[in-house]
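Counting from 17, one number per residue, gives the positions in the sequence shown under this note's numbering. Think of the CB as a built atom: it goes at the ideal place given N, C-alpha and C, for glycine as much as any other residue. Each remark here refers to the structure printed beneath this line.
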Amino acid sequence: MEIYLCEDDPQQLQQLQTLITNQLLFKDYQATFVLGTPDPQALLNFLQQRDLQEQDLLFFLDIDLKATLDGLQLAQKLKAQYANGKIVFITTHNELMSLVFKYQIEALDYLEKGAEHLPAKISQCLDVAFQRFAKSDAVEHLVLQSQGKQLNLPLKEILFFESSVKAHRVTVHLYQRQVDFYGKIKDLPQLNPQFLRVHQSYVVNRQNIDYYEQKRHVLVMKNQEECAVSVRYRKELLRYLQE
Numbered sequence: 017m018e019i020y021l022c023e024d025d026p027q028q029l030q031q032l033q034t035l036i037t038n039q040l041l042f043k044d045y046q047a048t049f050v051l052g053t054p055d056p057q058a059l060l061n062f063l064q065q066r067d068l069q070e071q072d073l074l075f076f077l078d079i080d081l082k083a084t085l086d087g088l089q090l091a092q093k094l095k096a097q098y099a100n101g102k103i104v105f106i107t108t109h110n111e112l113m114s115l116v117f118k119y120q121i122e123a124l125d126y127l128e129k130g131a132e133h134l135p136a137k138i139s140q141c142l143d144v145a146f147q148r149f150a151k152s153d154a155v156e157h158l159v160l161q162s163q164g165k166q167l168n169l170p171l172k173e174i175l176f177f178e179s180s181v182k183a184h185r186v187t188v189h190l191y192q193r194q195v196d197f198y199g200k201i202k203d204l205p206q207l208n209p210q211f212l213r214v215h216q217s218y219v220v221n222r223q224n225i226d227y228y229e230q231k232r233h234v235l236v237m238k239n240q241e242e243c244a245v246s247v248r249y250r251k252e253l254l255r256y257l258q259e
């Protein structure tokens with residue numbers, strides 16, 4: 017879990033950062049405080065430079081940021097980019113909390129600056145966020161090696177695999193991206209029972225099939241990408257579709 021903080025007051029920024037990092041010392045799970053900044057755009061720019069789509073993210077945001085973006089607008093942008101990210105709002109103005117509902121932002125919690133129980137509340141936020149991420153991370157993943165990095169791809173996001181134009185490589189198509197990795201198409205059905213070979217060049221994820229267009233002999237996936245179906249594998253595919 018990576019933790020980020022945006023607070024425009026330098027003194028409060030330092031105090032909150034110290035509180036968060038101190039609480040992390042008492043936790044036995046993997047969590048890192050990465051960045052504290054008074055500038056919401058600096059936070060967005062920093063995040064855009066990193067590949068965080070598979071990362072658990074927790075944001076502590078001051079609502080009343082005196083910048084081009086306030087905390088609520090910043091939260092909207094963060095949720096649009098990182099749908100699974102968790103947001104904790106911080107404020108000295110309790111009346112601003114009602115605006116969260118107007119902006120339709122799901123918040124993990126609301127913290128009041130200067131409150132005696134603030135350290136305990138921060139500790140509680142860290143625990144709840146970690147527990148919720150642990151539940152969502154329980155989704156089945158496929159582990160692949162790509163360019164020296166280990167990728168943990170959620171099974172439900174994998175659409176299909178395609179032979180790459182590069183030798184000894186396969187391209188995996190997901191809803192939001194494509195990734196090349198070293199491998200062979202013929203080995204993929206053995207990795208998970210959801211994977212079905214339908215062509216010399218294609219292996220599909222059964223749960224992401226939309227429909228089979230029999231006249232053209234193509235499978236249309238849920239994102240409307242198409243995979244050719246060869247005679248050799250047609251019988252097994254039809255048997256699956258009729259189950």
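Practice item. Any chance you could list the beta strand (DSSP E) runs of at least 3 consecutive residues sitting entirely within the stretch 144–182, in chain order? Key: Complete beta strand (DSSP E) runs here, min 3: 157–162, 165–170, 174–179.
> Looking at C-alpha atoms only, which residue of E70, V50, Q71 is the closest neighbour of F62?
Replying inline: V50
**For L175 and N221, believed in contact at Cβ under 8 Å, the rounded distance** = 6 Å
Segment contact, 8 Å Cβ cut-off, at least three pairs: the stretch 192–201 with the stretch 223–243: no
Using a threshold of 8 Å, state whether the C-beta atoms of R185 and F197 are closer than that. yes
Neighbourhood of V234 by C-beta, 7 Å cutoff - its chain only, sequence neighbours within 5 removed = E242, C243, A244, V245
Own chain residues within Cβ distance below 7 Å of T53, not counting five before or after:
C22, L59
### Message
What would DSSP say about R222, mapped onto helix, strand or coil?
### Response
helix
For this session: Thinking L90 and L77 are a contact (beta carbons under 8 Å), I'd like their distance in whole angstroms, please.
Result: 6 Å
At what residues does the alpha helix (DSSP H) containing R255 begin and finish?
247–257
### Query
Pick from E128, V195, K251: whose alpha carbon is nearest that of H215?
Ranked by how close their Cα comes to the Cα of H215, the residues E128, V195, K251 have K251 in first place.
* Would you grab the beta carbon distance between L167 and I121 for me? Rounded to a whole angstrom, and I think it's under 8 Å. => Actually they are not in contact, since the Cβ atoms of L167 and I121 sit about 30 Å apart, beyond 8 Å.
What is the C-beta distance between I103 and K129, in whole angstroms, given that I count them as a contact (C-beta under 8 Å)? Between K129 and I103 the Cβ distance is about 16 Å, and since that is not below 8 Å, they are no contact.
DSSP state of F211, grouped into three classes? Note: F211 maps to strand in three-state DSSP.
If I'm right that L8 touches V144 with Cβ under 8 Å, what's the distance once you round it to whole angstroms? An answer regarding residue 8 cannot be provided, because it is not within the stretch 17 to 259 covered by the chain.
**Q.** Residues that DSSP places opposite Y20 in a beta bridge
**A.** L51, F75
Does the distance from the C-beta atom of G101 to that of L127 stay below 8 Å? no
Cβ separation of E229 and V236, assumed to be a contact under 8 Å, to the nearest whole Å: 6 Å
Option in L190, D44, K172, Q46 with minimal Cα separation from Q210 | Of L190, D44, K172, Q46, the residue nearest in Cα terms is K172.
Verify whether the separation of the beta carbon atoms of L11 and L169 is less than 8 Å. Only positions 17 to 259 of the chain appear in this structure, which leaves residue 11 out of reach.
| query | Leaving out the 5 sequence neighbours to the left and right, which residues in its chain are closer than 8 Å to K268 when beta-carbon positions are compared? | reply | Residue coverage of the chain in this structure runs from 17 to 259, which leaves residue 268 outside it and unanswerable.
K82 to D24 span [Cα, whole Å]:
7 Å
Notebook entry, point to check: Going straight from the alpha carbon of S179 to that of Y249, what length do you get?
Noted result: 16 Å
May I ask which residues mark the beginning and end of the alpha helix (DSSP H) holding A244? Careful: A244 lies outside any alpha helix (DSSP H), inside the beta strand (DSSP E) at 242–244.
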